[in-house]
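Positions 38 to 257 (the numbering used here) are the ones given, in order, by the sequence shown.
Here is the structure we will look at, set down as structure tokens.
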Amino acid sequence: MQQEVEKYSKSTRILHWVHAGSFAVLFLTGLVLFIPPLGTLAQDGWSRLLHRVAAVIFVVAPLIYLGMYWEKSMTAIREAFTWGKEDFGWMKAGYRYYFQCDEEAMPPQGHMNTGQKMWWLLVMVSWAGFLITGAVMWFAKTLAPPVFLQWAVFLHDLVFIGTGVMFFVHIYMSVGHPLVHPLREGAWNSMFRGKVSVHYARTHHGKWFEEIVRSQGKNS
């Protein structure tokens, strides 16, 4: 068997980096409104322009991908919403794995582990939240009742804070945690080259790795 297996296609990786990049711009341009010393950066309106351009990319990019790769997208969405005993076992073993680096604690995972499923669900919910509240703030600022606009701003900020925190957790879990460190065979490679080592696939996505082995056995 080859020493590497493909985990993400080129199109999926492009979507990932476009979406992550647009969110990073949204986060930074939104952050200036939360930190008074940075408020002067928004005076000339450039941060608002960047925010809106990034918002369009953030919203439209997944829709383009969905239209181009419908079956692949539906497969991933179904996987994110499909939970079984191994997912609850993952949550039960989470402390030992993430804080004690006990690699044997986790039950075998599929192509998406439970943490990735939760991240997918968060991204989908936050995407919808940003879209709805952002549209109200952008297009209905002078038309919506004041209380409606206030709720839109409040919920937009709430989604911003929650997603921003989890964004950095996602980065740490992807490249900073000792068990997936880029110097090993971790997730970093999967989102740059689309491939992971056989060892990483076997130890972090055991169920998915077994499916690959069975598939290759049938084709050999």
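Using N, Cα and C, we set each Cβ at its ideal position, and we do this for glycine too.
Contact belief for residue i with residue j at Cβ below 8 Å, rounded distance in angstroms
i: M128; j: L159; result: That pair is no contact at about 15 Å.
i: E43; j: G231; result: 5 Å
i: P144; j: G131; result: So it is not a contact: roughly 11 Å between Cβ atoms.
i: Q40; j: S234; result: 6 Å
Spatially closest choice to residue i from the options, by CA coordinates
i: S46; options: F246, S252 and N226; result: N226
i: H207; options: L100, F60, L103 and E141; result: F60
i: H148; options: T77, S163, D124 and H56; result: D124
i: Q146; options: E116, L168, W164 and V55; result: E116
i: D194; options: H53, W54 and G67; result: G67
i: M210; options: A113, T170, W83 and C138; result: C138
i: W54; options: F229, R251 and V233; result: F229
i: T49; options: A113, L192 and L75; result: A113
i: M155; options: H56, T119, G76 and G104; result: T119
i: F95; options: Y106, W83, N150 and A165; result: A165
i: H56; options: G243, M161 and A172; result: M161
i: R85; options: P74, G121 and M174; result: M174
i: V93; options: W83, A172 and I198; result: A172
Close Cβ partners of residue i (< 8 Å) along its chain, the five nearest in sequence each way excluded
i: L220; result: A caution first: L220 carries a pLDDT of 48, below 50, which makes its placement in the model too unreliable to give a value.
i: K178; result: L186
i: I249; result: V42 and A238
i: W245; result: Q146, G147, H148 and A238
i: M105; result: S48
Limits of the beta strand (DSSP E) - the one that residue i falls within
i: E123; result: Per DSSP, E123 belongs to no beta strand (DSSP E); it is in the alpha helix (DSSP H), K122 to Q137.
i: V42; result: E41 to E43
Range of the contiguous alpha helix (DSSP H) that encloses residue i
i: S110; result: W107 to F118
i: K47; result: K47 to L68
i: S227; result: A224 to F229
i: K178; result: Careful: K178 lies outside any alpha helix (DSSP H) and carries neither H nor E.
i: V184; result: P183 to I208
i: L235; result: One detail in the question is off: residue 235 reads as Val in this sequence, not Leu. That run of the alpha helix (DSSP H) goes V235 to H241.
Contacting residues, own chain, Cβ-Cβ under 7 Å from residue i (five flanking each side not counted)
i: T240; result: E140
i: V62; result: L87 and A91
i: S163; result: V196 and T200
i: S110; result: Y102 and L103
i: L192; result: G166 and T170
Whether residue i touches residue j by CB criterion (8 Å)
i: V196; j: F176; result: no
i: L52; j: P99; result: yes
i: Y135; j: H214; result: yes
i: A142; j: T170; result: no
i: G76; j: V69; result: yes
i: N150; j: H242; result: yes
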